[in-house]
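S.K.:
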Amino acid sequence: AQRVTQPEKLLSVFKGAPVELKCNYSYSGSPELFWYVQYSRQRLQLLLRHISRESIKGFTADLNKGETSFHLKKPFAQEEDSAMYYCALSGISGNTPLVFGKGTRLSVIA
Amino acid sequence: GAGVSQTPSNKVTEKGKYVELRCDPISGHTALYWYRQSLGQGPEFLIYFQGTGAADDSGLPNDRFFAVRPEGSVSTLKIQRTERGDSAVYLCASSLDPVRGYTFGSGTRLTVV
Chain B
1 AQRVTQPEKL LSVFKGAPVE LKCNYSYSGS PELFWYVQYS RQRLQLLLRH ISRESIKGFT
61 ADLNKGETSF HLKKPFAQEE DSAMYYCALS GISGNTPLVF GKGTRLSVIA
Chain U
1001 GAGVSQTPSN KVTEKGKYVE LRCDPISGHT ALYWYRQSLG QGPEFLIYFQ GTGAADDSGL
1061 PNDRFFAVRP EGSVSTLKIQ RTERGDSAVY LCASSLDPVR GYTFGSGTRL TVV
């Protein structure tokens, strides 16, 4: 069964501190992994996807197949990073609908 | 349009009534998805269209829920005999290439009283 686990409901960090939002998954096969973000009063939007190996707004995420993890990291948190973050997976080539985790609320304290 | 449009943004209905929720995807996006999000939860998959046909409806909770996309663009999610447990935000998303991610609408907040 496909499952995405985000163990932290809430993560509070000080501005300038490093951030790591945890994501573990369960999938029989090779999944595509994504991070989505929802800022206050805005719609859910794609932050980054593992296949592109990109850094968006200073965030990166590395797929660790051995640990079945896809943690989201940023070296220096900014106040504008405060939002809900959702980890999600789909089948290879996006051939199955996204399965989302329950989300982690990141709060960056000035 | 420039983005995914969902109407209405809010809907309050009485228990037992029928409701329709509309999604207007980005022009040219062949894949369309419906999700439901309850308070404190992540989006939960309901149904997925590729073109006009439902490619996967395994997430529909029961036969009170039905969705159509007759011309391969606009989709309507229909809920019969609404129950209080149906109260949630219903999200629609579309995609041209799912591996590149989805574009979400702002959702319809359904409240059943």
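Keeping their order, the protein sequence lines are chains B and U.
Count the first sequence with the working numbering and you get residues 1 to 110, in order.
Count the second sequence with the working numbering and you get residues 1001 to 1113, in order.
Each residue gets a CB set at the ideal place from its N, CA and C atoms; glycine is no exception.
#1: Just the Cα atoms here: how many angstroms apart are U/His1029 and U/Ser1106?
#2: Does any residue of chain U have a CB that is nearer than 8 Å to the CB of B/Ile51?
#3: Between which two residues does the beta strand (DSSP E) carrying B/Val19 extend?
#4: Near B/Ala83, what residues of its chain come up, given a Cβ to Cβ distance below 8 Å and the 5 sequence neighbours on each side ignored?
#5: Report the rounded CA-to-CA distance for B/Lys65 versus B/Thr96, giving the unit in angstroms.
#6: Would you tell me roughly how many angstroms separate the C-alpha atoms of U/Asp1097 and U/Ala1031, rounded to the nearest one?
#7: According to DSSP, is U/Gly1105 part of a helix, a strand, or is it coil?
#8: Against B/Tyr25, what residues of chain U qualify as contacts under a CB-to-CB distance less than 7 Å, listed in chain order?
#9: Which of helix, strand or coil does DSSP assign to B/Arg41?
#10: Within 10 Å of its beta-carbon, does U/Ile1047 have 16 or more other beta-carbons around it, so buried, or fewer, so exposed?
#11: Give me the residue from B/Phe14, B/Leu63, B/Cys23 with the minimum Cα distance to B/Glu8.
#12: Does any C-beta atom of chain B lie closer than 8 Å to the C-beta of U/Leu1096?
#13: From the DSSP output, read off the bridge partner residues of U/Lys1078.
#14: Quick check on DSSP: helix, strand or coil for U/Asp1056?
#15: Using CA coordinates, which residue listed in U/Ile1079, U/Phe1049, U/Arg1022 is at the minimum distance from U/Tyr1033?
#16: Helix, strand or coil for U/Ile1026? Go by DSSP, reduced to three states.
#17: Within a Cβ cutoff of 7 Å, which residues of the same chain sit near U/Pro1008, ignoring the five residues on either side of it in sequence?
#18: I need the straight-line Cα distance from U/Asn1010 to B/Gly29, nearest angstrom please.
#19: Name the residue from U/Tyr1018, U/Gly1059, U/Asp1024 whose alpha carbon lies nearest to the alpha carbon of B/Leu98.
#20: By how many angstroms is the C-alpha of B/Ile92 removed from the C-alpha of U/Val1012?
M.R.: The structure says:
#1: C-alpha separation (whole angstroms): 17 Å.
#2: By this cut-off, B/Ile51 is an interface position.
#3: Unbroken beta strand (DSSP E) run through B/Val19: 19-21.
#4: Here the set comprises Val37, Gln38, Tyr39, Ser40, Arg105, Leu106.
#5: Here the alpha carbons of B/Thr96 and B/Lys65 stand approximately 19 Å from one another.
#6: One alpha carbon belongs to U/Asp1097, the other to U/Ala1031, and they sit about 8 Å apart.
#7: Note: U/Gly1105 maps to coil in three-state DSSP.
#8: For a Cβ distance threshold of 7 Å, nothing in chain U lies close to B/Tyr25: the least Cβ distance comes to about 13 Å.
#9: It is coil, neither helix nor strand.
#10: With a 10 Å radius around the Cβ and a threshold of 16 neighbouring Cβ atoms, U/Ile1047 comes out buried.
#11: Of the candidates B/Phe14, B/Leu63, B/Cys23, the one whose C-alpha sits nearest the C-alpha of B/Glu8 is B/Cys23.
#12: Taking Cβ atoms only, chain B never reaches closer than 8 Å to U/Leu1096, which makes this a no.
#13: Paired residue(s): U/Glu1020, U/Phe1066.
#14: DSSP, reduced to helix, strand and coil, places U/Asp1056 within a strand of the structure shown.
#15: Measuring C-alpha to C-alpha distances from U/Tyr1033 to each of U/Ile1079, U/Phe1049, U/Arg1022 identifies U/Phe1049 as the nearest.
#16: For U/Ile1026, the secondary structure class from DSSP, reduced to helix, strand or coil, is coil.
#17: Cβ neighbours of U/Pro1008 beyond the five flanking positions: Thr1108.
#18: For U/Asn1010 and B/Gly29, the distance between alpha carbons rounds to 39 Å.
#19: Closest by alpha carbon: U/Gly1059.
#20: Cα to Cα, U/Val1012 sits roughly 39 Å from B/Ile92.
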